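**Q**
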């Protein structure tokens with residue numbers, strides 16, 4: 434094999450390695466970060482619900498005290514009706530709506546239940562709930578509390594993220610397919626450049642191994658150094674969700690890299706077994 438051909442094949446092998454790694458990264462991105470089911474699973478694995486529940490309760494109590502509603506009412510109401518799971522489930526609705534580019538600003542959440550509880554509380558306080566002004570005031574107060582709740586279960590910058598997310602979701606499959614096509618083209622050029630198939634297979638195997646190492650090394654560095662935790666996100670609850678999202682993504686990349694390394698090892702073992710099985714030149 435000439436020196437020029439050898440250099441070209443090495444460059445093609447390296448290019449194939451990069452293309453495979455990029456294809457794998459985009460495929461994992463599509464299956465994780467760009468997937469609403471994965472995002473909801475990451476949300477459920479985070480501390481979002483627990484953190485936000487405490488904040489919501491405190492804010493309700495603070496807002497209620499300004500409207501002459503006792504703290505005991507909200508403590509009792511939260512114990513019976515609102516849990517960390519409730520908050521997480523409502524945040525999951527927001528996540529699904531974001532990925533589907535839907536508007537859920539009209540979501541009522543637990544408006545009816547809270548409105549009924551406040552009416553009962555007003556009656557206990559000897560208020561005439563049939564009075565138009567009082568009835569309107571209770572309804573307005575309930576609406577204000579629900580709006581507070583909505584702010585806590587919404588995604589920061591969701592309105593600005595949604596269009597970009599939609600564009601990425603439509604663009605990602607096209608780019609992934611293009612990279613996969615280029616990978617196949619590179620592999621085909623390498624494969625048909627040699628008569629003895631063990632030689633091109635060794636180059637293709639090396640490309641798979643190189644791609645596997647790329648996919649494993651970067652996520653491992655991120656996980657070991659806890660880079661995801663160093664992001665300066667001011668909202669503690671959203672930060673918990675973000676870390677869970679990134680850790681799951683990097684974990685998936687490591688698994689993908691391990692599969693590629695396994696493929697590299699299998700190809701190497703196959704080549705070695707063929708070489709051992711081939712007759713010796715002396716015989």
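Residue numbers (our numbering): 434 to 716. C-beta atoms are modelled at their ideal positions from N, C-alpha and C, and glycine is treated no differently. For clarity, every value in this text was computed on a predicted model and none was experimentally measured.
Measure the CB-CB distance between residue 585 and residue 542 and report whether it falls below 8 Å.
**A** As a first step, residue 585 is located in the chain shown; it is residue number 152 there, counting from the start. As a first step, residue 542 is located in the chain shown; it is residue number 109 there, counting from the start. Going by C-beta atoms, residue 585 is not nearer than 8 Å to residue 542.
**Q** With distance defined between alpha-carbon atoms, name the residue in 587, 630, 627, 682 nearest to residue 475.
**A** Locating residue 475 in the chain shown gives position 42, counting from the first residue. The option with the nearest alpha carbon to residue 475 is 682.
**Q** With H, G and I counted as helix, E and B as strand and the rest as coil, what does DSSP make of residue 738?
**A** Residue 738 lies beyond the range of the chain shown here (434 to 716); nothing can be said about it.
**Q** May I ask which residues mark the beginning and end of the alpha helix (DSSP H) holding residue 635?
**A** For the purposes of this step, residue 635 is identified with residue 202 of the chain shown, where counting begins at 1. Its alpha helix (DSSP H) spans residues 631-658.
**Q** Given a cut-off of 8 Å on the beta-carbon distance, is the pair residue 637 and residue 623 in contact?
**A** Working through the chain shown from its first residue, we reach residue 637 at position 204. Working through the chain shown from its first residue, we reach residue 623 at position 190. Result yes, Cβ atoms of residue 637 and residue 623 sit closer than 8 Å.
**Q** Determine contact between the region 687-705 and the region 493-500, defined as no fewer than three beta-carbon pairs at a distance below 8 Å.
**A** No contact exists between the region 687-705 and the region 493-500.
**Q** What did DSSP end up calling residue 668 once you bin it into helix, strand or coil?
**A** Taking the first residue of the chain shown as 1, we reach residue 668 at position 235. Residue 668: coil per DSSP, three-state reduction.
**Q** Would you kindly report the start and end of the unbroken alpha helix (DSSP H) that includes residue 502?
**A** By one-based count along the chain shown, residue 502 stands at place 69. Taken as a continuous stretch (DSSP letters only), residue 502 belongs to no alpha helix (DSSP H), as it is neither H nor E.
**Q** Between residue 508 and residue 522, what straight-line distance do the alpha-carbon atoms span, to the nearest angstrom?
**A** Reading the chain shown from its first residue, position 75 is the one you call residue 508. Reading the chain shown from its first residue, position 89 is the one you call residue 522. So the alpha carbons of these two residues sit roughly 20 Å apart.
**Q** Just how far apart, CA to CA, sit residue 609 and residue 515?
**A** As a first step, residue 609 must be located in the chain shown, where it is residue number 176. As a first step, residue 515 must be located in the chain shown, where it is residue number 82. Distance between the alpha carbons of residue 609 and residue 515 is about 43 Å.
**Q** Counting only runs that start and end within the region 514-561, where is the alpha helix (DSSP H) found for 4 or more residues in a row?
**A** Listed in chain order, the complete alpha helix (DSSP H) runs (minimum 4 residues) inside the region 514-561 are 517-532, 544-557.
**Q** So, under 8 Å CB-CB, residue 605 and residue 463 are touching, yes? Tell me the CB distance rounded to an integer number of Å.
**A** Reading the chain shown from its first residue, position 172 is the one you call residue 605. Reading the chain shown from its first residue, position 30 is the one you call residue 463. With 8 Å as the limit, residue 605 and residue 463 qualify as a contact, their Cβ atoms being about 5 Å apart.
**Q** From the DSSP output, in three-state form, read off residue 483 for me.
**A** Start at 1 with the first residue of the chain shown, and residue 483 comes out as number 50. Note: residue 483 maps to helix in three-state DSSP.
**Q** For the region 522-537 against the region 467-474, do three or more pairs of beta-carbon atoms, one drawn from each stretch, fall closer than 8 Å, so that the two count as touching?
**A** Yes, they touch.
**Q** Return the CA-CA distance between residue 684 and residue 652, expressed in angstroms with no decimal places.
**A** Within the chain shown, residue 684 is the residue found at index 251, counting from 1. Within the chain shown, residue 652 is the residue found at index 219, counting from 1. C-alpha separation (whole angstroms): 7 Å.
**Q** Go ahead and pull the three-state DSSP assignment for residue 625.
**A** Here residue 625 refers to the residue found at position 192 when the chain shown is read from its first residue. Of the three classes helix, strand and coil, the one that applies to residue 625 here is coil, per DSSP.
**Q** If we ignore side chains and look at the alpha-carbon of each, how far apart do residue 616 and residue 671 end up?
**A** If you number the chain shown from 1, residue 616 lands on position 183. If you number the chain shown from 1, residue 671 lands on position 238. In a straight line, the C-alpha of residue 616 is about 37 Å away from that of residue 671.
**Q** Helix, strand or coil for residue 593? Go by DSSP, reduced to three states.
**A** Here the question's residue 593 lines up with position 160 in the chain shown. In this structure, residue 593 counts as helix in the three-state DSSP scheme.
**Q** Beta-carbon within less than 8 Å of residue 669's beta-carbon, same chain only, minus the 5 sequence neighbours each way: which residues are those?
**A** Within the chain shown, the letter at position 236 stands for residue 669. Only 484 meet the Cβ criterion.
**Q** Measuring alpha carbon to alpha carbon, tell me which residue in 603, 544, 563 is nearest residue 575.
**A** As a working note, residue 575 is residue 142 in the chain shown. Comparing Cα-Cα distances from residue 575 to each of 603, 544, 563, the minimum goes to 544.
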